[in-house]
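Undergrad: Let me give you the structure first, and then I'll get to my questions.
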Amino acid sequence: MMRPAVVAALAALLALPALAAGEGAPPRRIVSLNLCADQLVMSLVPPGRIASITWLSRSEGDPDLLPLARRLPVNHGSAEEVLAARPDLVIAGRYTTSTTRALLRRAGVRLLEIDPVQDWDGIRAVTREVAAVLGEAERGEALIADMDDRLASLALARPEAPIRVIGWAGGPTDVPGRDTLFNTLLETAGGVNVGVLDAGRGGFDVERVVLRRPQALLRGVSYGATPSLRNEAARHRLLRRLYPQGQLTYPEALFGCGVPQAAVAAQALQRSLRDIAGSAARR
Amino acid sequence: MIRLAAEGLSFAIARRRIVWNVAFEAGGGEFIALIGPNGAGKSTLLTLLAGLAPPTVGRVTVDGTPLAALKAAELARRRAYLPQNPRCDWPIPVERLVALGLTPSLPSFGDFDAEDRRRIDAAIAACDLEAHRAQAATTLSGGELARAMLARALVGDPHLLIVDEPLAGLDPRHAIDTVRRLRALAVEEGRLVIAAMHDLNLALRHATRVWAVSSGNLVADGSPREVVDAPLLQSLFDVPARVHADADGEGARVEFG
Amino acid sequence: MRTRPVVPVLAAALAVLFVASLFTGRVWLPPREILGGTGDAAGTELARLILVELRLPRALLGLLAGASLGLCGAVLQGLTRNPLAEPGLLGISSGAALGAVIAIYSGLALEVPLATPLLGLAGAFLTALLTLALGRGGGMLVLILAGSSVSGLMLAGTALALNLAPNPYAAYEISQWLLGSIADKSWDQLALAGPFMVIGCALLMGTGRALDALALGELQARSLGIDLPRLRLRIIAGTALAVGAATSITGAIGFIGLVAPHLVRHLVDYEPRRVLVPATLCGAAVLLAADIGTRLLPLDQELKLGVLTGLVGAPFFIALVLRLKRTAP
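Chains as they are written, first to last, in the numbering used here: chain A, 9 to 291; chain B, 24 to 280; chain C, 22 to 350.
This is the structure in structure tokens:
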């Protein structure tokens, strides 16, 4: 931990931009410590006002935002990087490194913590909250309006019977639960997660997946699809045999972050689900 | 009958001579007692003769063939070796321990045949181990273990038997039995037996030939009567000694101090 | 010489456990369903597929891995005349684990389907060579120390791979994998690792006579014609093949190599050669039993095979140490 004198000096340095900007003015040096917050910040404010985002955004999230993310400075969540960026606002998730949070409080930097969300209402609430703090309420509403449009088309294009899927990434605990954003998106797109019933009792394995007889398997992809063990069981011979076309992927970040772009991801999923239903009907 | 010979046999470690320039010729029918003080190099000489250590200089030949040219398994069938204080690391039954002596001629898999069993039984009987046949080797007394090891050495019918301190830990009766047996193996069965011994009286009485080793050199080589006298013993052991011939003319008693 | 029917009894127990393993799973598949009596054709088809594609390779893998571990433990205990020796002694399981971890996290496992077992074997052999080279010319103690130090090197390498892993799940996944499991394996992995395990076990099986002779110590064993350097080479090669292949598929499953020989040794009069086959069968049986246990225990979280063998094996190990204290001179 840093000595109090050093912290006081840094705090004085940090206070300068806030003083310069004046109280109540929209923040001009925003640091985001959370992937979901990154997405919101990049959607709401011009790049000049973003001091740094997390390194994760360089490979995750909304594909349209990737070029921007690659141009912006990044941080790895450490206190040093945050303070070096001299922010006047730091946005983080509820589960950020507690040391960092404690330090920021001591240095007097404004910290906004956003909660994870589980449904579209939650997304609207968080988007509005962040937009207000960033001073971009209008942009926020525009994003929400776009999202609502997409939700309307999603509702129209829903298949009659929900498509039975299992969301499984290959590990024993990799099944998204009942009250998650993943479930909301899935149901909006016209699917139903039949794995939910068993999740949490002894773990999931290939036997369980197969015996539930889903129409398709859904696998979350993250971190630029860098290799990991989670894929191994999901590529089991038996699954390849039973589901030659039925292994779908979804971008994990967009299915876990409460951002308006989730509606885009839901639309992509719906298209895949309709293909599955279509090919099943033809058989 | 087997013939064993050495020429210029020497063994050194880091320039320290342990055995130096030993030469001899010996054959079946002889029971050779190897005597000398502690640290004279007796054990090393025996390992050299057994082919278990490579000489630094010189060589050992068996029936004219250098030891180095013989395959380990082939040599093992003709020669048996027992180190000082032999141990058994697993509590196996005595009869299994004895059976280990047949290792060089046993196949990798499969058990003994009738001939093997006969040999094992004979070795057990010869060393008075019938009562301990099924007993775990690690529970034997020192003397019983020594006899079991000897039985192990004999079961394979070796032409050459090299033993380091075979009488260690044996009570008088078993010591006399053992040394008589060693002599019988040589004189009556035509084997060559070489044994390092501390018990000079038994050596003098039963051995057919004595080698005296001092500081790695073979300082005396001949029959006990010829070779062992007070001057030799005194120079070997650095202690005043007297040799009294036995009444029956067979052996002699040695007295130190 | 007493002959108890040890091998037939163990083989029968193993057969029972093998069949039991085929019928154990998250979901009970009634035999009727498998044989087609229920009239639900799709259900029968599914049940058969599960049996053939999931449970059968799992049971076979468990059998081979357990056999490899049990046999290797028996051989190493015979070689070192130390009842506390076990397959990890030469560092080979750490090397196999490192190889497998590298395969997974470098992405090779995605490109080349059988990269994991292959790199695991490579790791095992590399470790074996290192241990052999380091311990060459020294006695048994030097060999053991060499294995220990090389194992430490491999573990450090695994920690490094953990540190530099490309995504945040990696640390969790590697540690989970290292706990050991045969769940959700398929014929692909068995087809690659199986032959190596069989060859390795065959190499180890032939060391029986030499191990018997070693009971008398190295000098007497050599006098009986045993070629010690060649024996050590053979044992290291066999261990690298059998345990290396097993570990690269299953992760680190501990204690089986330590425990299985002990369970059977007193039944065969402690003779090192006669321990080999029973230890092989016992190792396979114990691993299958533990795997059945992981599937039957009513826990929320999946219990890893290596955890169960550790939980049962460690107390056994302690009991062993206590017994040694009592009987040692």
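All C-beta atoms, glycine included, are put in the ideal place defined by N, C-alpha and C.
Values in this document were obtained by computation on a predicted structure and should not be read as measured data.
Within this structure, are the beta carbons of Gly-74 of chain B and Val-80 of chain B separated by less than 9 Å?
TA: The residue given as residue 74 of chain B occupies position 51 in the second sequence. The residue given as residue 80 of chain B occupies position 57 in the second sequence. Not in contact: Gly-74 of chain B and Val-80 of chain B (Cβ atoms no closer than 9 Å).
Undergrad: Please confirm if Glu-292 of chain C has its CB atom under 9 Å from at least one CB of chain B.
TA: Locating residue 292 of chain C in the third sequence gives position 271, counting from the first residue. By this cut-off, Glu-292 of chain C is an interface position.
Undergrad: Pick helix, strand or coil for Asp-6 of chain A, following the three-state DSSP scheme.
TA: With chain A covering only 9 through 291, there is no way to say anything about residue 6 of chain A.
Undergrad: Can you tell me whether DSSP reads Asp-156 of chain A as helix, strand or coil?
TA: By 1-based counting over the first sequence, the position of residue 156 of chain A is 148. DSSP places Asp-156 of chain A in helix when its eight states are reduced to three.
Undergrad: Nearest-angstrom Cα distance between Cys-222 of chain C and Pro-336 of chain C?
TA: For this step, residue 222 of chain C is matched to residue 201 along the third sequence. For this step, residue 336 of chain C is matched to residue 315 along the third sequence. Computed Cα separation, rounded: 28 Å.
Undergrad: Have a look at Ala-29 of chain A and Arg-37 of chain A and give me their C-alpha separation to the nearest angstrom.
TA: Counting from 1 along the first sequence, the entry for residue 29 of chain A is found at position 21. Counting from 1 along the first sequence, the entry for residue 37 of chain A is found at position 29. Summary for Ala-29 of chain A: the model assigns pLDDT 45, below 50, so the residue's position carries little reliability; its value from the coordinates is reported in the next sentence. Spanning the two alpha carbons is a distance of roughly 10 Å.
Undergrad: Counting only runs of 4+ residues fully inside the stretch 274-300 of chain C, write out the alpha helix (DSSP H) ranges in chain order.
TA: Complete alpha helix (DSSP H) runs here, min 4: 277-286.
Undergrad: If we cut at 9 Å on Cβ distances, does Thr-79 of chain B have a partner in chain C?
TA: Along the second sequence, read from residue 1 onward, the residue named residue 79 of chain B stands at position 56. So, not an interface residue.
Undergrad: With DSSP as the reference, identify every bridge partner of Thr-257 of chain A, one or two as the case may be.
TA: The residue labelled residue 257 of chain A in the question sits at position 249 within the first sequence. DSSP lists A:Arg-227 as partners of Thr-257 of chain A.
Undergrad: Going by the DSSP bridge assignment, what does Glu-48 of chain B pair with across the sheet?
TA: As a first step, residue 48 of chain B must be located in the second sequence, where it is residue number 25. Partner(s): B:Ala-28.
Undergrad: For chain B, find out if any of its Cβ atoms is closer than 9 Å to the Cβ of Ala-236 of chain C; answer yes or no.
TA: Taking the first residue of the third sequence as position 1, residue 236 of chain C is located at position 215. Answer yes: the Cβ-Cβ gap between Ala-236 of chain C and chain B drops below 9 Å somewhere.
Undergrad: For the candidate residues C:Leu-140, C:Ile-125 and C:Ala-204, whose alpha-carbon lies nearest to that of Arg-79 of chain C?
TA: The residue given as residue 79 of chain C occupies position 58 in the third sequence. It is C:Ala-204 whose Cα lies nearest to the Cα of Arg-79 of chain C.
Undergrad: Would you mind stating whether Gly-185 of chain A and Leu-162 of chain A have Cβ atoms separated by less than 9 Å?
TA: For this step, residue 185 of chain A is matched to residue 177 along the first sequence. For this step, residue 162 of chain A is matched to residue 154 along the first sequence. Contact: no.
Undergrad: Taking Cβ to Cβ, would you say Leu-48 of chain A is nearer than 9 Å to Thr-188 of chain A?
TA: By one-based count along the first sequence, residue 48 of chain A stands at place 40. By one-based count along the first sequence, residue 188 of chain A stands at place 180. Not closer than 9 Å, so no.
Undergrad: For a contact defined as C-beta to C-beta under 7 Å, what are the partners of Ala-204 of chain C on chain D?
TA: The structure shown contains no chain D; the protein chains it does contain are A, B and C.
Undergrad: Check whether the Cβ of Val-218 of chain A lies closer than 9 Å to any Cβ atom in chain C.
TA: The residue given as residue 218 of chain A occupies position 210 in the first sequence. Judged by the 9 Å Cβ criterion, Val-218 of chain A is in contact with chain C.
Undergrad: If you reduce the DSSP assignment to three classes, tell me which class Gly-245 of chain B lands in.
TA: On the second sequence, residue 245 of chain B is found 222 positions in, with the first residue counted as 1. Of the three classes helix, strand and coil, the one that applies to Gly-245 of chain B here is strand, per DSSP.
Undergrad: Please decide whether Cys-150 of chain B counts as near chain C, where near means a Cβ-Cβ distance under 9 Å.
TA: Locating residue 150 of chain B in the second sequence gives position 127, where the first residue counts as 1. Judged by the 9 Å Cβ criterion, Cys-150 of chain B is not in contact with chain C.
Undergrad: Is any beta-carbon of chain C found at less than 9 Å from that of Arg-78 of chain A?
TA: Looking up residue 78 of chain A in the first sequence gives position 70. Not closer than 9 Å to any Cβ of chain C, the Cβ of Arg-78 of chain A fails to qualify, so no.
Undergrad: Quick one: is Ser-244 of chain C near chain B, going by C-beta distance under 9 Å?
TA: Mapped onto the third sequence, residue 244 of chain C falls at position 223. It does: the Cβ of Ser-244 of chain C has a partner Cβ on chain B nearer than 9 Å.
Undergrad: Note down, in chain order, every chain B residue with its Cβ under 9 Å from the Cβ of Arg-102 of chain C.
TA: As a first step, residue 102 of chain C is located in the third sequence; it is residue number 81 there, counting from the start. Asp-112 and Trp-113, listed in chain order.
Undergrad: Can you check whether the CB of Ala-117 of chain C is closer than 9 Å to the CB of Ala-267 of chain C?
TA: As a working note, residue 267 of chain C is residue 246 in the third sequence. As a working note, residue 117 of chain C is residue 96 in the third sequence. For Ala-267 of chain C and Ala-117 of chain C, yes; Cβs fall inside 9 Å.
Undergrad: State the CB to CB distance for the pair Arg-102 of chain B and Leu-227 of chain B, rounded to an integer number of angstroms; the pair is presumed to be in contact (CB under 8 Å).
TA: Here residue 102 of chain B refers to the residue found at position 79 of the second sequence. Here residue 227 of chain B refers to the residue found at position 204 of the second sequence. That belief does not hold up - the Cβ atoms of Arg-102 of chain B and Leu-227 of chain B are roughly 26 Å apart, past 8 Å.
Undergrad: Can you give me the Cβ contacts of Leu-120 of chain B inside the same chain, cut-off strictly under 7 Å, excluding the 5 residues immediately before and after it?
TA: Translated into positions along the second sequence, residue 120 of chain B becomes position 97. Excluding sequence neighbours, Leu-120 of chain B sits near Cys-111, Ala-160, Ala-171 and Arg-175.
Undergrad: Between B:Ile-115, B:Asn-108 and B:Thr-126, which has its C-alpha nearest Leu-98 of chain B's C-alpha?
TA: Within the second sequence, residue 98 of chain B is the residue found at index 75, counting from 1. With distances taken between Cα atoms, Leu-98 of chain B lies closest to B:Thr-126.
Undergrad: Which of the three DSSP states, helix, strand or coil, is assigned to Ala-340 of chain C?
TA: Taking the third sequence and counting its residues from 1, one reaches residue 340 of chain C at position 319. Here Ala-340 of chain C sits in helix by DSSP.
Undergrad: For Gly-31 of chain B, which residues of its own chain have a beta-carbon under 7 Å away from its beta-carbon, when the five flanking residues on both sides are left out?
TA: Counting from one through the second sequence, the residue named residue 31 of chain B turns up at place 8. Once the five neighbours on either side are set aside, the close Cβ partners of Gly-31 of chain B are Asn-44, Ala-46, Val-80 and Gly-81.
Undergrad: For Leu-237 of chain C, which of helix, strand or coil comes out of DSSP?
TA: Along the third sequence, one-based indexing puts residue 237 of chain C at 216. Correct three-state label for Leu-237 of chain C: coil.
Undergrad: Exposed or buried, which one is Gly-280 of chain B when buried takes at least 16 other CB atoms within 10 Å?
TA: In the second sequence, residue 280 of chain B corresponds to position 257, counting from 1. Looking at its Cβ environment, which holds fewer than 16 other Cβ atoms inside 10 Å, Gly-280 of chain B is exposed.
Undergrad: Does DSSP classify Pro-250 of chain C as helix, strand or coil?
TA: Indexing the third sequence from 1 puts residue 250 of chain C at position 229. It is helical.
Undergrad: Got a sec? Which residues, its chain only, sit under 6 Å from Leu-68 of chain B by beta carbon, not counting five neighbours each side?
TA: Residue mapping note: residue 68 of chain B aligns to position 45 of the second sequence, counting from 1. Closer than 6 Å at the Cβ level, and outside the excluded window around Leu-68 of chain B, lie Val-42.
Undergrad: For Ala-273 of chain A, which residues of its own chain have a beta-carbon under 7 Å away from its beta-carbon, when the five flanking residues on both sides are left out?
TA: Here residue 273 of chain A refers to the residue found at position 265 when the first sequence is read from its first residue. The residues are Leu-193, Tyr-258, Pro-259, Leu-262 and Phe-263.
Undergrad: In three-state DSSP terms, what is Trp-234 of chain B?
TA: On the second sequence, residue 234 of chain B is found 211 positions in, with the first residue counted as 1. Correct three-state label for Trp-234 of chain B: strand.
Undergrad: Whether or not the stretch 86-100 of chain C and the stretch 303-316 of chain C are in contact is what I'm after, with contact meaning three or more pairs of Cβ atoms, one per stretch, closer than 8 Å; do they touch?
TA: The stretch 303-316 of chain C is in contact with the stretch 86-100 of chain C.
Undergrad: Which of the three DSSP states, helix, strand or coil, is assigned to Ser-9 of chain C?
TA: Any answer about residue 9 of chain C is impossible in this case: the structure gives chain C only from 22 up to 350.
Undergrad: For His-10 of chain B, which beta-bridge partners are listed by DSSP?
TA: Since the first residue of chain B shown is 24 and the last is 280, residue 10 of chain B is not available in this structure.
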